[in-house]
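Undergrad: First the structure, then my questions, so here it is.
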């Protein structure tokens with residue numbers, strides 16, 4: 001499906017994406033990612049005035065205040081002040097070379113984006129904090145073709 | 152004791168106290184402007200004289216009582232708020248169980264939804280009152296509303312979090328438990344060990360529980376609750392049926408919990 005600019009795309013995850021095995025009271029227990037950490041929709045759009053591409057995530061609640069965190073020279077994120085959940089990722093289009101028609105470079109830049117999210121997940125101090133970056137990464141990978149279609 | 156019961160019993164008293172304190176401060180302050188010698192006729196003379204002598208003590212006392220009433224209301228909420236929260240939990244229980252054919256003839260109390268709030272300490276005669284706890288604050292109707300267990304969530308050692316409620320809060324994940332055996336005094340060690348492992352409780356906890364009643368909950372799911380991104384507590388769904396309450400396939404849809412989370416978030420802000 002070709003994504004229209006700014007249209008929300010409902011996310012789809014496999015059962016394995018939602019399962020985790022963690023240690024509770026000395027036992028390995030199978031648990032699920034918190035519903036609050038699972039993006040229920042994703043969308044991307046170009047912000048020509050600011051010269052950037054924005055990828056946004058929608059969650060089951062949207063009342064959390066956010067703050068901006070710079071991930072690299074050309075990527076910054078809006079993350080929840082309390083939960084550190086990723087609400088949006090902003091990519092500077094010119095530096096990241098998201099140019100229309102340049103499919104190879106667009107894919108390369110998408111890989112760099114996913115790498116940055118991986119770094120965020122690794123930097124999370126608690127294992128539960130890694131769940132959201134992993135879900136966001138999975139959502140971006142699953143819908144990368146739809147997200148890239150408008151850039 | 153759940154909040155709805157507690158607030159219903161005390162709301163009228165607290166409201167009266169707040170209003171009475173405001174009126175008392177108004178009168179005590181106003182009467183300070185009057186001289187007892189002007190009011191010769193009793194009882195006005197006595198009242199004004201008494202006020203002149205004791206206003207320095209009465210005004211702070213009534214101000215403290217009025218502030219206490221306001222603080223109580225801020226801390227425990229209003230009856231209407233807790234009625235709405237209980238109704239939200241009821242709707243969630245219906246969404247989870249009403250469409251299941253195997254649950255058609257089950258009693259209303261066979262399936263329950265309980266809202267737990269995290270608190271950093273408890274004012275109670277218990278072991279470790281100053282450690283973190285999740286305490287029940289609301290529950291679906293037709294269920295027992297007293298003697299609901301509280302679970303420890305130690306601040307310094309989250310690995311020791313108790314119960315599915317404590318484990319879900321400590322790990323910020325959805326913790327399921329199902330196919331649990333019914334535990335009675337004649338249950339085997341293997342059955343108690345299984346209940347302890349998957350119910351996230353110690354064997355001592357099971358023994359204490361057996362003194363009052365059997366452990367007949369066979370499936371539970373703990374789901375973290377957030378308000379504006381901050382961890383607030385846990386919703387625990389429990390059932391006397393052994394089947395898994397919420398499967399991963401159902402979690403993918405998220406539909407039922409999505410509505411619950413949005414409504415709870417708005418109600419719990421108040």
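Chains as they are written, first to last, in the working numbering: chain A, 1 to 151; chain B, 152 to 421.
Cβ coordinates follow ideal geometry from the N, Cα and C atoms, glycine included.
Rounded to a whole number of angstroms, what is the C-alpha to C-alpha distance between residue 19/A and residue 33/A?
TA: 6 Å
Undergrad: With three or more C-beta pairs closer than 8 Å as the rule, is the segment 127-145 of chain A touching the segment 316-336 of chain B?
TA: Contact between the segment 316-336 of chain B and the segment 127-145 of chain A is present, because at least three Cβ pairs lie under 8 Å.
Undergrad: For residue 303/B, count neighbouring C-beta atoms within 10 Å of its own C-beta (all shown protein chains included) and say buried if the count is 16 or more, exposed if not.
TA: buried
Undergrad: Using a Cβ cut-off of 9 Å, pull out every chain A residue sitting near residue 408/B, in sequence order please.
TA: Close to residue 408/B, with beta-carbon spacing below 9 Å, are these residues of chain A in chain order: 35, 60.
Undergrad: Compare the C-alpha of residue 274/B against each of 286/B, 167/B, 165/B, 264/B and name the closest.
TA: It is 286/B.
Undergrad: From the DSSP output, in three-state form, read off residue 200/B for me.
TA: Three-state DSSP puts residue 200/B in a helix.
Undergrad: Measuring alpha carbon to alpha carbon, tell me which of 407/B, 357/B, 353/B ends up nearest residue 336/B.
TA: Nearest neighbour of residue 336/B by Cα position, chosen from 407/B, 357/B, 353/B, turns out to be 357/B.
Undergrad: Quick check: the Cα distance between residue 139/A and residue 375/B, rounded to an integer number of angstroms?
TA: 22 Å
Undergrad: Any Cβ of chain B within less than 8 Å of the Cβ of residue 139/A?
TA: No, its Cβ sits nowhere closer than 8 Å to a Cβ of chain B.
Undergrad: Beta-carbon of residue 18/A versus every beta-carbon of chain B: anything under 8 Å?
TA: Taking 8 Å as the threshold, the shortest C-beta distance from residue 18/A to chain B falls below it.
Undergrad: What residues of chain A sit near residue 340/B, judged by a beta carbon separation below 9 Å?
TA: Near residue 340/B there are no residues of chain A at all, since even the closest Cβ is about 16 Å away, more than 9 Å.
Undergrad: Along chain D, which residues have their Cβ under 7 Å away from the Cβ of residue 81/A?
TA: Absent here is chain D; the protein component of the structure consists of chains A and B.
Undergrad: So, residue 242/B versus residue 292/B, is the Cβ gap smaller than 8 Å?
TA: no
Undergrad: Report the neighbours of residue 158/B on chain A: residues whose CB is nearer than 7 Å to its CB, in chain order.
TA: In chain order: nothing, as chain A lies at least about 24 Å away.
Undergrad: Beta-carbon of residue 224/B versus every beta-carbon of chain A: anything under 8 Å?
TA: no
Undergrad: Once DSSP output is grouped into helix, strand and coil, what is the label at residue 448/B?
TA: Missing from the structure shown is residue 448/B; chain B here goes from 152 to 421 and no further.
Undergrad: Roughly how many angstroms separate the alpha carbons of residue 182/B and residue 159/B, rounded to a whole number?
TA: 36 Å
Undergrad: Where does residue 384/B fall in DSSP's three states?
TA: strand
Undergrad: When the Cα atoms are used, what is the spatial distance from residue 279/B to residue 385/B?
TA: 21 Å
Undergrad: Does the separation of the CB atoms of residue 372/B and residue 397/B fall below 8 Å?
TA: Yes; because the gap between Cβ atoms is below 8 Å, this pair is in contact.
Undergrad: Against residue 22/A, what residues of chain B qualify as contacts under a CB-to-CB distance less than 8 Å, listed in chain order?
TA: Correct list: 322, 324.
Undergrad: Quick one: give me the first and last residue of the beta strand (DSSP E) that residue 233/B is part of.
TA: Not the beta strand (DSSP E): residue 233/B falls in the alpha helix (DSSP H), residues 230-248.
Undergrad: Assuming residue 44/A is part of the beta strand (DSSP E), what are its boundary residues?
TA: 41-47
Undergrad: Give a yes or no on contact between the segment 187-205 of chain B and the segment 160-173 of chain B, applying the rule of three or more CB pairs nearer than 8 Å.
TA: Segments in contact, no.
Undergrad: Count the other CB atoms, across all protein chains shown, that sit within 10 Å of the CB of residue 284/B; report buried if there are 16 or more and exposed otherwise.
TA: buried
Undergrad: Using 8 Å as the cut-off, can you tell me whether the segment 346-354 of chain B makes contact with the segment 35-42 of chain A, which would need three or more C-beta pairs spanning the two stretches below that distance?
TA: The answer is no - the segment 35-42 of chain A does not touch the segment 346-354 of chain B, with fewer than three Cβ pairs under 8 Å.
Undergrad: Against chain A, does residue 374/B count as a neighbour if the rule is that its beta carbon must be under 8 Å from one of theirs?
TA: Closer than 8 Å: yes.
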